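Number of protein chains: 2
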Amino acid sequence: MSDPKIRNMEGFAAVSGISRPTLSKYFNDPESVRKSTREKIEAALEKHDYRPNIYAVNQNRRQTKNIGLVVPNLTDPFFAGIARTIEGLIVKAGFNPLLLSSHGGPAQEITNLESLRSIKPAGVLLAPLGRASLEDQVAAFAGEVPTVLFDANLEGIGEAFFGSDNNQSINLIVDYLCRSGEPPVFFELKTPINPNACKRRTAYIAAMEKLGHEPHLIQVEGQGWNFEEIGFREGARILTKQKLPTNTILCSNDRLAIGLLSAAFENGIKVGLDASASLRIAGHDDHPFSRFTCPSLTTVSQDYDAIAARGVETILSLIESENRIERREETLFEGKLVMRGSA
Amino acid sequence: MSDPKIRNMEGFAAVSGISRPTLSKYFNDPESVRKSTREKIEAALEKHDYRPNIYAVNQNRRQTKNIGLVVPNLTDPFFAGIARTIEGLIVKAGFNPLLLSSHGGPAQEITNLESLRSIKPAGVLLAPLGRASLEDQVAAFAGEVPTVLFDANLEGIGEAFFGSDNNQSINLIVDYLCRSGEPPVFFELKTPINPNACKRRTAYIAAMEKLGHEPHLIQVEGQGWNFEEIGFREGARILTKQKLPTNTILCSNDRLAIGLLSAAFENGIKVGLDASASLRIAGHDDHPFSRFTCPSLTTVSQDYDAIAARGVETILSLIESENRIERREETLFEGKLVMRGSA
DNA sequence: GGCAATATTTTACGCGCGTAAAGAATATGA
DNA sequence: TCATATTCTTTACGCGCGTAAAATATTGCC
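Chains E and B are the protein sequences, given in the same order. Residue numbers are given in my numbering: position 163 of the first sequence equals residue 216, and the series is strictly consecutive. Residue numbers are given in my numbering: position 340 of the second sequence equals residue 393, and the series is strictly consecutive.
Quick look at the structure:
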């Protein structure tokens, strides 16, 4: 805001009348200097627009203020949403979030961790791809940098894991579906990449058996993260070519359900609750778009505010304590039933 | 991968038998050293896993290899998709992309630029919020850091702009809609935040008049980026309470159309092309979810591969040439008609 | 007003690397 | 083979800041 451009802290010391070491203290923690000097510094900052060179700072600090945040796929609004929530919490804690997406690829996931390593993050929040993850390399990274997993668990990797209680949530919706109509079949990928998908499958089977129904899995071909596409393509196949044992389909996730709903529509199959409908479809996750499907999708919402909050909390305390956690913590949060038009 | 951990380039010089200045040359450009020494260095890298400290490097280089990438809203899969494409191109060029989302907020947009400033990016690719952007502050930033705009234009800000030719694309779809059925009304926000929305409105009016039809705007209330929500809420209102002059609605963007389709479905209004349908709906953008709406959404796709490619190309040449462009370039790319089931 | 406690200044070094200059080594070509 | 052009090594300095230690200044308190 004023005449001579200030190039470094020395220069700012000159114009502010405060010594450089004291300024350094101030920038690391404004509360650590006397109130009167703090005011002098802040008054000078108003006029002179100086900020410490972040590279010089990070070169000398023992720890950076960076926290890495890696999600499997930012193109999925579900993860974009979580990422946004987490970023907000990190900023509020005075740290600097760095968001990276693995774009569904294991190699990219490792690349992301590698590039995080070079910025020396104080900690990392990682939502791994799951089965596709190159576990050895992820584990190696987590051995060097305090890492907390969320969304998808990799056994024994990282200091903690926060995710959804698939057992509870699948139970919830299977129970609801059975109470309100015919028991559901389970629509999923044959070879799911995500551990949550596997847990949901076994949870489905257990829930059905508990209620005295025969579980029925519909496992379709499909790779990658284009779930809507798979749900649409394979959904069309099973809806037209295959005789379903019931009129109710529970999908392993909402994105599959979105594709399936679209396939049902295209094939003139009416989905919903009223008498004229011949099919019920439910999902899992409460994807941002699930409110706008036709009909709107009945599903289970994940408590991702809680997951985000606990994840950030944990990585921060890990950073604070400067050492690793004594025992790896795994916490699962309960889902909530979201009743809409499709089931 | 070997015994004594290497802490700096000095240490790596010791184990590799190459002097530090030469190593420095190598890391800045492997091709700049003789082949035989390059091989020696790379052999040593295989065994010793050393990488230059990025903070020390950036402190001393005149320019970093960072390129900022700011999008208005990562929760929108459209921007997530563009961002991914652009990131890929930046990496391929040997630079380091830094992705930030403004989350629909002008203050966040400025915060993003501020935090980019502190990492001293060589250049920035910015998709601004549009009307909501705090133009003065964006302009001030663009005055300090080479900046290229895309998606939404801010007059005179940045070295160049790449976006869609809304005039052409709206013409295209209005033309198609008129040829294939009744001329469309235009469904949009009363006070759009995005300059593209304004251009689309005037393009719609011009296209209609050119074809000898009376333009008809339906402008609904609504703020923010939750377009589906607005499309759904206001769509339900106009579909039930208002007599439309035609059976065809062109939406200002796909996300509004997705909400509107959902509203039509909820109200038992059949959308599509066949005789039994009473409404046609079209959108604009070819949003990733538009293929899976019910019915699938007829729309215009933006050529965002071209936008991404030219944007990256431009910022790179700007960085290379170390100075600003002589004349601000504005390039618009044509859209393609995507015919699906809804219109 | 004087003392102890606390805060600031002064001085100095180190972080890891870019880079310039001069001399030594190596490659190139006729 | 030798002269020449490249490339590398050695030496040295600087980047902007963290931080330690000792000296000095300021504050709070009785």
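Where is the CB? At the ideal position from N, CA and C, for every residue including glycine. On a predicted model such as this, the values are computed, not experimentally measured, just so you know.
Asked, Found
"Chain B residues whose Cβ lies nearer than 9 angstroms to that of I172 of chain E", "I107 and Y108"
"Neighbouring residues, chain B, relative to L314 of chain E (Cβ below 9 angstroms)", "F345 and C347"
"C-alpha distance - R73 of chain E paired with N81 of chain E, whole-angstrom precision", "12 angstroms"
"Sequence-distant residues of its chain with Cβ nearer than 6 angstroms to N279 of chain E (five each side left out)", "none"
"Own chain, CB closer than 6 angstroms to K252 of chain B, minus 5 neighbours either side, in chain order", "N219"
"Range covered by the beta strand (DSSP E) that runs through E383 of chain B", "E382 to F386"
"Any C-beta of chain B under 9 angstroms from that of N306 of chain E", "no"
"Continuous beta strand (DSSP E) stretch holding R333 of chain B: start and end", "R333 to A335"
"Helix, strand or coil at V238 of chain B according to DSSP, with G and I counted as helix", "strand"
"S186 of chain B beta carbon near the ligand PLP (any heavy atom closer than 8 angstroms)", "Annotation note on the ligand PLP: not contained in the displayed structure, which lists no ligands."
"Entirely enclosed alpha helix (DSSP H) segments - the segment 208-285 of chain E, minimum 4 residues", "219-233 and 248-263"
"CB contact flag (I79 of chain E, R60 of chain E, <9 angstroms)", "According to the sequence provided, residue 79 of chain E is Tyr. The question's Ile does not apply to it. No, the pair does not count as a contact, with Cβ atoms beyond the cut-off."
"Same chain only: Cβ atoms within 6 angstroms of N247 of chain B, ignoring 5 sequence neighbours per side", "G183 and A205"
"Terminal residues of the beta strand (DSSP E) in which L178 of chain B lies", "G176 to L179"
"Listed by chain order, chain E residues near T128 of chain B by CB distance under 8 angstroms", "P130, A133, G134, R137 and P341"
"4-residue-minimum alpha helix (DSSP H) runs that sit fully inside the segment 125-193 of chain E, ordered along the chain", "130-145 and 159-171"
"DSSP bridge partner residues for I302 of chain E (one or two, in chain order)", "E:V238 and E:I334"
"DSSP beta-bridge partners of T293 of chain B", "According to DSSP, T293 of chain B bridges with nothing at all."
"N111 of chain E - DSSP class collapsed to helix/strand/coil", "helix"
"Buried or exposed (CB count within 10 angstroms, at least 16 for buried), R232 of chain E", "exposed"
"Positions along the segment 79-112 of chain E whose CB lies within less than 9 angstroms of some CB in chain B", "R104, P105, N106, I107, Y108, A109, V110, N111 and Q112"
"For T293 of chain B and L303 of chain B, the rounded distance between their alpha carbons", "17 angstroms"
"Local conformation of S374 of chain E per DSSP, three classes", "helix"
"Cα-Cα separation between E241 of chain E and I223 of chain E, rounded to whole angstroms", "13 angstroms"
"Alpha-carbon to alpha-carbon, S305 of chain B and P236 of chain B", "15 angstroms"
"Residues near F65 of chain B in its chain [Cβ-Cβ closer than 6 angstroms; skip 5 each side]", "I59 and Y103"
"Beta-bridge partners of F1 of chain E, as assigned by DSSP", "Only positions 54 to 396 of chain E appear in this structure, which leaves residue 1 of chain E out of reach."
"Within 9 angstroms, strictly: CB atoms of L122 of chain E and L166 of chain E", "no"
"Other residues of its chain near S154 of chain B: CB distance less than 7 angstroms, five sequence neighbours each side excluded", "V124, N126 and L127"
"Residues within the segment 277-307 of chain B neighbouring chain E, beta-carbon criterion of under 9 angstroms", "E281, E282, G284 and F285"
"A96 of chain E burial status per 10 Å Cβ neighbour count (16 or more: buried)", "exposed"
"Alpha carbon of N249 of chain B to alpha carbon of L385 of chain B, nearest angstrom", "12 angstroms"
"Bridge partners - G121 of chain E, DSSP secondary structure assignment", "E:L151 and E:V177"
"Neighbour flag for I120 of chain E against chain B, beta carbons, 9 angstroms", "no"
"Selected residue, minimal CA-CA separation from L270 of chain B, among B:I322, B:V238, B:I291 and B:E162", "B:V238"
"CA nearest to the CA of V201 of chain B, picked from B:R393, B:K93 and B:E382", "B:E382"
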